[in-house]
Amino acid sequence: MSEPRLEDTEEVIEEIGVEDSSDPSYQLDPALAAKLLSGGAGQGSLISALQGHLEGMIGKPSGLIESLPKTLRNRLAYLGELQDQHDELAEKLHEEQVALQRKYEELWDPLFQKRAAIVQGKEEAPNALHQKEGDEDKEAEPESDVSGIPDFWMHVLQSHKGWNEEIQDKDIPILSHLVDIRIVNLRDEEDVSTSNNDGEDDEEDDDDEGPKGFKIIFEFSDNPFFSNKELVKTYYMVSDDASDPVLQKATATTIQWASGKNPGVKLQKKKAPKGKSRPPVRSTRVPTFFDFFSPPTVPETESELTEEGMDELQAALEKDYELGELLRDDIIPYAIKWFTGEAQMEDSDEEDLDEEDDEDDEDIAQLVQSAADDEDDEDEEEEESPAKPSLVRGAKKGKPAAARGGADKETPPDCKQQ
């Protein structure tokens, strides 16, 4: 079936005398719609007649559907029913995804608890796991008196390039006291509204709502740097569509630093003025891992920020959330792989594959461009010297074989005849 031509559509509309359809209040008469459909341009004429009306009705109620012929209204109604069926299935999919996510979180939790117990030295791993074939014939190695796995989480964070950039030299002695990092999901409004900065939650309600956010709990052993046992970062999410949550805000525990132990504060002493024995001290902020617990704050009104300030705030919010996502999705579930370096190798392999794909894409693009350039050059040559019919089989287009020194001598394809 041939496509309707634009000129046919214009002729039909002009012949019938369609009024200006750009007016949102324009109503297409059913008889006129039927006549348009029966015209030479078919559906094209109807679409052209309604185009301006469709553009003008954006965001406004319209009686367009009621003005269409009954057969079209019936088809649209059926499409609406199909859409309803799709939406029901999509809702069911979301419910099953949430249930499946919860199911596996419950299966993962005991594994993470065992991992924490081993790291902290509260439990011991079975001895047979690390033995290789033939080890039983070797002399027994002396038992180590080291408890757990020292500096496990510090090495994990340092191994991840996204988080390694956040760690400064002054942070390392503090992070050696980090004994666990874990995730707690906030699944309902009650969890979000009642959770506090110390990482304590009221009892969770077993509803079917998806996560409304998550908190990351950093657990520390006793240390001389701060008094907190846990530092908690919480991300609150909101969304009308549960499959596409949006960050609302982030909060964090206030760190109770011991005097002079905050790695983010640099003290600079100045020369004491004459007549004073104690020199003045000036403090300046310096980057630290623990800036993660000072999330960007959003002002109550946008008027408080300039356009440049808004861009800076947006970038800071995105970076802060990205760090939280890396912990939740990449680091915490696969901590042992980051500790051993296995995850780094996997990342490196993926980057190599991405680079190879990029190189392949560039090669293809260059070949396509080269072929296009060659074709353009051939077109230019043909325009400059009109082609003549070949007299000898195998002769190149535009010149008989005699002009090239005989039919048996072929010019290399990359060479151009002068």
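Per my numbering, residue -15 is the first one in the sequence shown, and the count goes up by one each step.
Even for Gly, the Cβ is constructed at its ideal location relative to N, Cα and C.
Quick caveat, the model's predicted, so the values are computed rather than measured.
Distance between beta carbons of G197 and L170, contact taken as under 8 Å | For the purposes of this step, residue 170 is identified with residue 186 of the sequence shown, where counting begins at 1. For the purposes of this step, residue 197 is identified with residue 213 of the sequence shown, where counting begins at 1. Right, their Cβ atoms sit about 4 Å apart.
Do P279 and D314 have their C-beta atoms closer together than 8 Å?
-> Here residue 279 corresponds to residue number 295 of the sequence shown, with the count starting at 1. Here residue 314 corresponds to residue number 330 of the sequence shown, with the count starting at 1. Cβ atoms of P279 and D314: not closer than 8 Å.
Check each candidate in T268, S243, K245 and name the one with the smallest Cα separation from K253.
-> For the purposes of this step, residue 253 is taken as the residue at position 269 of the sequence shown. Ranking T268, S243, K245 by Cα distance to K253 puts T268 first.
Three-state secondary structure (DSSP) of A242 = Position 258 of the sequence shown, counted from the first residue, corresponds to residue 242. A242: coil per DSSP, three-state reduction.
What is the DSSP secondary structure of V222, counted as helix, strand or coil?
-> Sequence index remark: in the sequence shown, residue 222 carries index 238 (1-based). If DSSP states are grouped into helix, strand and coil, V222 belongs with the strands.
Locate the beta strand (DSSP E) running through I405, then write down its first and last residues.
-> An answer regarding residue 405 cannot be provided, because it is not within the stretch -15 to 402 covered by the chain.
Between which two residues does the beta strand (DSSP E) carrying K233 extend?
-> In the sequence shown, the residue the question calls residue 233 occupies position 249. Element bounds for K233: 230 to 236.
Within its chain, find whatever has a CB closer than 8 Å to the CB of E107; leave out the 5 residues flanking it on each side and keep chain order.
-> Within the sequence shown, numbered from 1, the residue matching residue 107 stands at position 123. Result list for E107: K98, A101, in chain order.
Among all the DSSP beta bridges, which residues are the ones paired with I165?
-> Working through the sequence shown from its first residue, we reach residue 165 at position 181. In the DSSP output, where bridge partners are listed per residue, I165 has F202.
Can you tell me the Cα-Cα spacing of D175 and L251, whole angstroms?
-> Locating residue 175 in the sequence shown gives position 191, counting from the first residue. Locating residue 251 in the sequence shown gives position 267, counting from the first residue. Reliability fails at D175, whose pLDDT of 48 lies under 50, so the model's placement of it is uncertain and the value that follows must be treated cautiously. Each residue's Cα considered, the two are about 40 Å apart.
Same chain, Cβ closer than 6 Å to P229, five either side skipped, listed in chain order = The count along the sequence shown starts at 1 and reaches residue 229 at position 245. Only M221, S223 meet the Cβ criterion.
Determine contact between the segment 281 to 290 and the segment 156 to 170, defined as no fewer than three beta-carbon pairs at a distance below 8 Å.
-> no
Please name the residue in V282, N212, M294, V265 whose C-alpha comes closest to that of W241.
-> On the sequence shown, position 257 is the one that residue 241 refers to. It is N212 whose Cα lies nearest to the Cα of W241.
Under the three-state DSSP convention, the category K98 falls into = Working through the sequence shown from its first residue, we reach residue 98 at position 114. If DSSP states are grouped into helix, strand and coil, K98 belongs with the helices.
Integer-rounded CB distance, given that K154 should sit under 8 Å from P247 | Position 263 of the sequence shown, counted from the start, is the residue given in the question as residue 247. Position 170 of the sequence shown, counted from the start, is the residue given in the question as residue 154. The pair is a contact, with the Cβ atoms about 4 Å apart (cut-off 8 Å).
Counting along the chain, where does the beta strand (DSSP E) carrying V249 start and finish?
-> Position 265 of the sequence shown, counting from 1, holds the residue named residue 249. From DSSP, the beta strand (DSSP E) with V249 extends over 249 to 253.
Could you please give me the residues that DSSP links to F210 through a beta bridge?
-> Position 226 of the sequence shown holds residue 210. DSSP output for F210 lists W241 as bridge partner(s).
Does the Cβ of L351 have 16 or more other Cβ atoms within 10 Å, making it buried, or fewer, making it exposed?
-> Reading the sequence shown from its first residue, position 367 is the one you call residue 351. L351 should be labelled exposed.
Per-residue burial, M294 [other beta carbons within 10 Å of its own, 16 or more giving buried] | As a working note, residue 294 is residue 310 in the sequence shown. It is exposed - the Cβ of M294 has fewer than 16 other Cβ atoms within 10 Å.
Output the boundary residues of the beta strand (DSSP E) element that contains S267.
-> Sequence index remark: in the sequence shown, residue 267 carries index 283 (1-based). Start and end: 265 to 269.
Hey, F273 and I151: beta-carbon distance below 8 Å or not?
-> Position 289 of the sequence shown holds residue 273. Position 167 of the sequence shown holds residue 151. Closer than 8 Å, so yes.
Within its chain, find whatever has a CB closer than 7 Å to the CB of F136; leave out the 5 residues flanking it on each side and keep chain order.
-> For the purposes of this step, residue 136 is identified with residue 152 of the sequence shown, where counting begins at 1. So the list reads V103, F323, once near-sequence residues are dropped.
Examine the ligand COA and report whether any of its heavy atoms sits within less than 7 Å of the Cβ of K196.
-> Looking at this structure, you won't find the ligand COA or any other ligand, since it has none at all.
Buried versus exposed call for A319 [16 or more other C-beta atoms within 10 Å across all chains shown] | Residue 319 sits at position 335 when you count from the first residue of the sequence shown. The residue in question, A319, is buried, as its Cβ has 16 or more Cβ neighbours within 10 Å.
Distance between F209 and L301 (C-alpha atoms, nearest Å) = In the sequence shown, residue 301 corresponds to position 317, counting from 1. In the sequence shown, residue 209 corresponds to position 225, counting from 1. Roughly 27 Å separates the two Cα atoms.
Which residues in the same chain have their Cβ closer than 6 Å to the Cβ of I158, if we skip the five residues on either side of it in sequence?
-> Your numbering for residue 158 matches position 174 in the sequence shown. So the list reads F209, once near-sequence residues are dropped.
Nearest CA to the CA of I156: which residue from K245, A61, K321?
-> Indexing the sequence shown from 1 puts residue 156 at position 172. Minimum Cα distance to I156 is reached at K245.
Given a cut-off of 8 Å, decide if I165 and I316 are closer than it, judged by their beta-carbon atoms.
-> Mapped onto the sequence shown, residue 316 falls at position 332. Mapped onto the sequence shown, residue 165 falls at position 181. Their beta carbons are under 8 Å apart, which means I316 touches I165 by this criterion.
Is W147 near L48, with beta carbons less than 8 Å apart?
-> Position 163 of the sequence shown, counted from the start, is the residue given in the question as residue 147. Position 64 of the sequence shown, counted from the start, is the residue given in the question as residue 48. No, the Cβ-Cβ distance between W147 and L48 is not below 8 Å.
In the DSSP assignment, what are the bridge partners of L215?
-> On the sequence shown, residue 215 is found 231 positions in, with the first residue counted as 1. Answer is F202.
Could you tell me if Y88 is buried or exposed, where buried requires 16 or more neighbouring beta carbons within 10 angstroms of its beta carbon?
-> Indexing the sequence shown from 1 puts residue 88 at position 104. By the neighbour-count rule (16 or more Cβ atoms within 10 Å), Y88 is not buried but exposed.
Neighbour-count burial assignment, S432, 16 or more Cβ in a 10 Å radius = No information on residue 432 is available, as it lies outside the stretch -15 to 402 that the chain covers here.
Beta-carbon contacts of S354 that lie in its chain and below 7 Å, excluding the five residues immediately before and after | Along the sequence shown, read from residue 1 onward, the residue named residue 354 stands at position 370. Nothing listed; no residue qualifies.
Apart from the five residues on each side of it in sequence, which residues of its chain come closer than 6 Å, Cβ to Cβ, to I133?
-> Numbered from its first residue, the sequence shown carries residue 133 at position 149. V103, listed in sequence order.
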